[in-house]
Amino acid sequence: MGMNRIVVVGASAAGISAAETLREEGFAGEIVMVGGELHAAYDRPPLSKGVLLGKITAGQVSLRPAESLAALNIEVRGGVRATGLDTAGKTLSLDTGETLCWDGLIIATGLSPRPLPGQPAWKGIHMLRTLDDALALREELLDARRVVVIGAGFLGCEIAATTRQMGLDVTLVDPLELPMLRQVGREVATAILQLQEAHGVQVRCGTGVAGFTGSADGVTGVSLSDGVHLDADVVVVAIGSIPATGWLQGSGLALDNGVMCDEFCCAAEGVYAAGDVANWLHPGLGTRLRLEHRMNATEQGMAAAQNLLGARVPFEPVPYFWTDLFDVKIQGLGRIDPACAMTVLSGRPGEAGFTAAFTRGGLITAVLGWNAPREFRKIRGLVNASVNSLLPLPTPV
1 MGMNRIVVVG
11 ASAAGISAAE
21 TLREEGFAGE
31 IVMVGGELHA
41 AYDRPPLSKG
51 VLLGKITAGQ
61 VSLRPAESLA
71 ALNIEVRGGV
81 RATGLDTAGK
91 TLSLDTGETL
101 CWDGLIIATG
111 LSPRPLPGQP
121 AWKGIHMLRT
131 LDDALALREE
141 LLDARRVVVI
151 GAGFLGCEIA
161 ATTRQMGLDV
171 TLVDPLELPM
181 LRQVGREVAT
191 AILQLQEAHG
201 VQVRCGTGVA
211 GFTGSADGVT
221 GVSLSDGVHL
231 DADVVVVAIG
241 SIPATGWLQG
251 SGLALDNGVM
261 CDEFCCAAEG
271 VYAAGDVANW
281 LHPGLGTRLR
291 LEHRMNATEQ
301 GMAAAQNLLG
311 ARVPFEPVPY
321 FWTDLFDVKI
331 QGLGRIDPAC
341 AMTVLSGRPG
351 EAGFTAAFTR
361 GGLITAVLGW
371 NAPREFRKIR
381 GLVNASVNSL
391 LPLPTPV
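Letter 69 of the sequence shown, counting from 1, is numbered 69 in this note's numbering, and no numbers are missing.
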């Protein structure tokens with residue numbers, strides 16, 4: 001039986017990619033894209049950098065002009081949230097009280113920021129996920145002097161760098177011993193620590209948050225678990241995110257750190273997932289992955305759409321990430337974990353730029369470039385999508 005209507009839940013990078021791919025692959029039926037925000041689909045990476053700095057406007061982060069989606073006959077339902085799913089009856093409940101019937105469904109609802117336990121809803125305490133979050137945070141930063149950023153992963157490190165570039169006194173707090181330790185390994189994390197401190201960010205690693213001082217009228221500080229108190233006009237909590245799957249409770253879908261999918265991004269008959277919310281089986285790596293990277297959102301949106309239409313092609317990308325901190329661009333390809341050893345391939349850490357390979361058992365699992373885009377392009381081919389085709393470490397140059 002053919003499909004007449006496909007509904008895409010989520011109107012960011014993965015959802016846009018999926019909807020456009022459906023048309024590119026020749027689907028001529030109805031496409032309805034449901035998104036919880038009133039803004040047209042936009043790119044999220046600039047929120048913690050250019051938007052906060054005021055160098056990029058809200059209009060400049062738009063992924064697609066509304067007319068381009070209209071030209072593809074894609075119906076966009078902005079400001080509407082999905083509240084429930086019936087996979088047997090193939091219906092989607094919306095917060096407007098409506099029920100949408102579907103023949104195919106792609107879930108691309110992304111993430112929700114994770115608050116601290118007991119985090120108060122006070123003025124001056126922020127989390128950053130949406131464009132409105134970024135605009136509200138920027139407005140308060142313009143009148144602030146002291147900022148505390150809680151969480152030193154990708155987002156926290158970017159916010160710390162951005163707010164420091166705004167001339168603010170910035171303290172970055174994380175319970176791990178180094179910033180971005182889990183994402184890039186000890187050697188690169190050490191270089192990131194040195195970079196933040198060289199630009200005037202105070203980094204307090206190895207301690208957590210015990211509480212906040214202030215009132216509903218405004219936060220005044222953060223108390224750390226080591227007994228230190230930090231004065232603050234603005235606090236940004238960036239301790240990670242959780243897949244936005246609350247609306248799927250009771251749907252019959254398997255939910256565990258996201259929507260559980262097979263290697264084709266399929267969660268159930270006619271139901272596929274893509275982007276930050278998808279926890280899928282990577283056949284090449286032989287493990288489950290859920291990636292929170294911009295490139296993956298686009299690629300997985302395409303794969304989910306193609307497989308929904310019958311392609312049956314396993315989705316097995318080589319994970320790619322990047323971040324910009326001050327004047328440094330860090331790029332990575334592959335998977336870095338604590339068991340990996342790092343070998344410098346070119347340049348020297350702590351200097352202008354370098355590239356490195358990460359190995360486990362003598363085989364390369366990832367490569368990384370630090371302010372070395374040209375050299376990074378040369379070594380991308382060292383990383384493969386399958387554990388069965390990993391390459392040995394080349395001779396350093």
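All residues carry an ideal CB built from backbone N, CA and C; glycine is no exception.
Burial check for residue 254: the Cβ neighbour count within 10 Å stays below 16, so the residue is exposed. Secondary structure note for residue 77: its beta strand (DSSP E) is the uninterrupted segment 74-78.
Excluding its 5 nearest sequence neighbours in each direction, residue 140 has C-beta neighbours in its own chain below 6 Å: 234, listed in chain order.
Distance from the CA of residue 112 to the CA of residue 282, rounded to the nearest whole angstrom, comes to 24 Å. Residue 372 is classed as buried because its beta carbon has at least 16 other beta carbons within 10 Å across all chains shown. Just measuring C-alpha positions, the residue of 8, 278, 216 and 110 sitting nearest residue 77 is 8.
Comparing C-alpha distances from residue 215 to each of 247, 124 and 382 shows the shortest one belongs to 124. Residue 101 sits exposed, since fewer than 16 C-beta atoms from the chains shown fall within 10 Å of its C-beta. For residue 103, the CB contacts under 6 Å within the same chain, skipping 5 residues up- and downstream, are 3, 4 and 5 in chain order. DSSP places residue 173 in the strand class (E or B) of the three-state scheme.
With 16 or more other Cβ atoms inside 10 Å of its own Cβ, residue 236 counts as buried. Around residue 210, the same chain offers 223, 224 and 225 as residues with beta carbons nearer than 7 Å, after the five sequence neighbours per side are excluded. In this structure, the alpha-carbon of residue 162 lies about 43 Å from that of residue 87. A distance of 8 Å or more separates the beta carbons of residue 227 and residue 151.
Residues of the same chain with a CB within less than 7 Å of the CB of residue 305, apart from the 5 flanking positions on each side, are 18, 21, 22, 25 and 106 in chain order.
With the rule of 3 Cβ pairs closer than 8 Å, the segment 127-143 does not count as touching the segment 302-318.
Under DSSP, residue 261 takes part in a beta bridge, and its partners are 280. By the CB criterion at 8 Å, residue 204 and residue 171 fall inside the cutoff. For residue 288, there is no enclosing alpha helix (DSSP H); the enclosing beta strand (DSSP E) covers residues 287-289. Straight-line measurement puts the Cα of residue 331 at about 7 Å from the Cα of residue 370.
For residue 157, the enclosing alpha helix (DSSP H) begins and ends at 154-165.
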